[in-house]
Amino acid sequence: MHMTKIRMAVFPFQRERIRQSFLFRKWKKLLTLIVCVTLLFLVIPKDNFLKITFHLRHISAFRMTSDIAEDEARLDKVKVTMYRPISVEYNLANAGQDDFSRGQSRLVDKLLGGMENGFFLDLGAGDGETNSVSLFFERERHWEGVLVEADEEQYKQLVKKNRRAILWNVRLRLDGDSRKLTSLSEVEVEPQEFFRLINRQHIDLLIVSLHGGEFELIKSIDFKNYTIKIISLELRDHGNADNYVQIAEYLQARGFYLAHQLLDGLMGRRDVVFNKL
171 MHMTKIRMAV FPFQRERIRQ SFLFRKWKKL LTLIVCVTLL FLVIPKDNFL KITFHLRHIS
231 AFRMTSDIAE DEARLDKVKV TMYRPISVEY NLANAGQDDF SRGQSRLVDK LLGGMENGFF
291 LDLGAGDGET NSVSLFFERE RHWEGVLVEA DEEQYKQLVK KNRRAILWNV RLRLDGDSRK
351 LTSLSEVEVE PQEFFRLINR QHIDLLIVSL HGGEFELIKS IDFKNYTIKI ISLELRDHGN
411 ADNYVQIAEY LQARGFYLAH QLLDGLMGRR DVVFNKL
């Protein structure tokens with residue numbers, strides 16, 4: 171009984187000593203750190219601290235400047251791919267035609283009341299003639315415009331057509347696009363950057379044929395900053411209407427309504443035209 175009482179009295183005392191020892195080591199480490207920092211300030215001249223601070227800021231500023239320079243260099247490369255129109259005769263395979271589309275040009279012309287001197291942006295312009303929606307407005311209604319084609323072979327054919335619009339051989343980089351550049355000469359640009367480059371807040375007709383990237387392109391447009399009257403899309407859905415439904419719902423929520431739809435089941439193609447209310 172006596173021994174049990176002694177042990178019961180010792181255990182709390184030991185726990186207290188352990189706790190005090192732990193606190194002492196903790197404070198000792200903290201005091202050591204404070205002393206080291208103080209000595210560092212005393213030993214190293216103040217000017218050197220200013221130099222170190224400036225150096226860190228300089229590194230940060232350099233990285234920011236480097237990023238800006240890289241963006242500017244990339245955009246300069248995009249600008250170089252621009253081809254301005256020349257005042258020579260059209261070189262068309264079917265010069266006697268007026269509507270080269272699958273009916274969209276006439277429909278859009280009717281929706282706009284035969285409007286003259288408008289502006290179009292044709293993304294995925296192909297060779298500039300085959301199934302072209304924009305060619306009618308350029309020839310018959312004297313519109314200005316921009317034609318964009320990423321494929322180099324198609325672009326070469328486009329140049330030969332002697333279109334009056336500005337030509338651009340670039341690929342639009344879209345969200346979720348896993349494709350890689352196929353050559354060193356290929357240039358890509360984000361849609362937002364490209365819209366800033368063309369410097370047009372008002373677009374009468376936007377034509378999009380990107381072989382599957384139409385919805386991503388549409389979602390990249392800031393409809394608060396850009397006014398678009400009509401959007402013409404060529405969708406390759408191969409009977410799958412999900413892509414079309416998503417686009418239709420998205421545009422309807424932004425004030426567009428479906429004005430035309432032509433489904434080619436054999437080719438797996440759907441031509442749709444949306445008009446701004």
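One rule links them: number in my numbering = place in the sequence shown (from 1) + 170. A virtual CB, placed ideally from N, CA and C, is assigned to each residue, including glycine.
Check the Cα spacing between A263 and each of K326, K331 and F290: the tightest is with K331.
Note that the C-beta distance between E358 and R334 is not below 8 Å.
The DSSP-derived three-state label of Y325 is helix. Judged by DSSP secondary structure, I388 falls within the alpha helix (DSSP H) whose first and last residues are E384 to K389. V378 is bridged by DSSP to L293 and L403. In this chain, the beta strand (DSSP E) harbouring I336 covers I336 to W338. Under DSSP, D441 takes part in a beta bridge, and its partners are E404 and L432. Straight-line measurement puts the Cα of L337 at about 6 Å from the Cα of R254. No Cβ-Cβ contact shorter than 8 Å links V340 with V316.
S257 sits exposed, since fewer than 16 C-beta atoms from the chains shown fall within 10 Å of its C-beta. The Cβ atoms of R424 and F393 lie closer than 8 Å to each other. S379 has its alpha-carbon roughly 12 Å from the corresponding atom of D407. Nearest to L281 by C-alpha distance, out of D374, L433, L432 and Q416, is D374.
Per DSSP, V278 is one residue of the alpha helix (DSSP H) stretching across Q274 to L281. Per the Cβ contact rule, the region 263-279 is not in contact with the region 358-368 (fewer than 3 Cβ pairs under 8 Å). As DSSP reads the structure, Y414 sits in no beta bridge.
Bounds of any alpha helix (DSSP H) do not take in L447, whose DSSP letter is neither H nor E.
The residues H312, in chain order, have a CB closer than 6 Å to that of N287 in the same chain once the five nearest residues on each side in sequence are set aside. Listed in chain order, the non-local C-beta contacts of I368 below 6 Å within the same chain comprise V316, local neighbours out to five positions each way being set aside. For I256, the three-state secondary structure derived from DSSP is coil. Listed as beta-bridge partners of E358 by DSSP are R341. Just so you know, the alpha carbons of S304 and D279 end up roughly 11 Å apart. By the C-beta density criterion, I417 is buried, having at least 16 other C-beta atoms within 10 angstroms. Under the three-state reduction of DSSP, Y427 is assigned to strand.
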